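Using full-length UniProt numbering, the first residue of the sequence shown is number 1, and each one after it goes up by one. What follows is one structure encoded as structure tokens, with my remarks underneath.
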Amino acid sequence: MKINDRTLCHYAVGPEGFDKDGILWKRGEVNKNFQKRYFVLKGNLLFYFEKKGDKEPLGLIVLEGCTIELAEEEQEKFAFKIVFHGEGRRSYVLGAETQEMVEEWMKLLACAPYDYMKLMVLELQQQLQELDEADRLGVNSYYFGGEVNNIINNSSTTSSNQRVNPFDCDLLDDLPKNDTFTKTWQSIHCEYGRKISRDRQRWCQRIEDENRKIIMRDDDTLIVKL
1 MKINDRTLCH YAVGPEGFDK DGILWKRGEV NKNFQKRYFV LKGNLLFYFE KKGDKEPLGL
61 IVLEGCTIEL AEEEQEKFAF KIVFHGEGRR SYVLGAETQE MVEEWMKLLA CAPYDYMKLM
121 VLELQQQLQE LDEADRLGVN SYYFGGEVNN IINNSSTTSS NQRVNPFDCD LLDDLPKNDT
181 FTKTWQSIHC EYGRKISRDR QRWCQRIEDE NRKIIMRDDD TLIVKL
């Protein structure tokens, strides 16, 4: 794959928002000591700089086809590894000042790959379809189920011999007004946007909880498949 270095450098320091940034300690490939670096995560691209404010990154890690693992053998730092599997592939050992920082970075890096985003989109689409179906059934049962039946039952108790037409316009006028069919596109977009945002937050929280449970285990090495 050909990469335009100038475009990539511009993207690394561009005004586009990033998912996370901060200081991590990177163990060098030649110099095995930990070196302080400034990291920026944008999507599935992890850039690292010598210091914050630099115009060009020192390097780039593409977070595809790798696993995120705890570096339990490290003693100097709270550390984790980005491991690319296969012959000739290298691993990156990154350290943080606290265990909480390690967990936060591991969670975000595990969620960064394109395949993960595809799975999340599919799940959100399924949840949105379920919400649409629930709303549709809710409207139908509201108009033609419980509320109409309640009016019919109430009318029947006042006059047991009087027949009641459930489609009587006067009866339907007594129903509470519903704006389901008069909403603007903007209001519908905002409504479902909030639902999707809540679903995404719940998804990320679930991933964070699962990762925290695994991290607390002492008998295994954490391996998060991407």
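The C-beta atom is built at its ideal place from N, Cα and C for all residues, glycine as well. These numbers were taken from a predicted model, which means no experiment stands behind them.
Under the three-state DSSP convention, the category residue i falls into
| i | result |
| --- | --- |
| residue 37 | strand |
| residue 130 | helix |
| residue 199 | helix |
| residue 13 | helix |
| residue 103 | helix |
| residue 6 | helix |
For residue j and residue i, the rounded distance between their alpha carbons
| i | j | result |
| --- | --- | --- |
| residue 103 | residue 208 | 8 Å |
| residue 67 | residue 136 | 42 Å |
| residue 61 | residue 29 | 14 Å |
| residue 90 | residue 6 | 25 Å |
| residue 9 | residue 132 | 43 Å |
| residue 125 | residue 34 | 43 Å |
| residue 267 | residue 22 | The question about residue 267 has no answer here: the residues shown for the chain are numbered 1 through 226. |
| residue 117 | residue 45 | 14 Å |
| residue 18 | residue 86 | 29 Å |
| residue 83 | residue 69 | 7 Å |
| residue 24 | residue 202 | 27 Å |
| residue 16 | residue 55 | 15 Å |
| residue 97 | residue 76 | 10 Å |
| residue 100 | residue 88 | 32 Å |
| residue 51 | residue 205 | 31 Å |
Residue burial classification, residue i (beta-carbon count within 10 angstroms, cutoff 16)
| i | result |
| --- | --- |
| residue 113 | buried |
| residue 246 | Only positions 1 to 226 of the chain appear in the structure, and residue 246 is not among them; the question remains open. |
| residue 95 | buried |
| residue 81 | buried |
| residue 107 | buried |
| residue 109 | buried |
| residue 198 | exposed |
| residue 37 | buried |
| residue 63 | buried |
Beta carbon of residue i nearer than 8 Å to that of residue j
| i | j | result |
| --- | --- | --- |
| residue 26 | residue 92 | yes |
| residue 49 | residue 58 | yes |
| residue 128 | residue 196 | yes |
Per DSSP, the bridge partner or partners of residue i
| i | result |
| --- | --- |
| residue 238 | Only positions 1 to 226 of the chain appear in the structure, and residue 238 is not among them; the question remains open. |
| residue 25 | 36, 95 |
| residue 59 | 48 |
| residue 42 | 45 |
| residue 20 | 41 |
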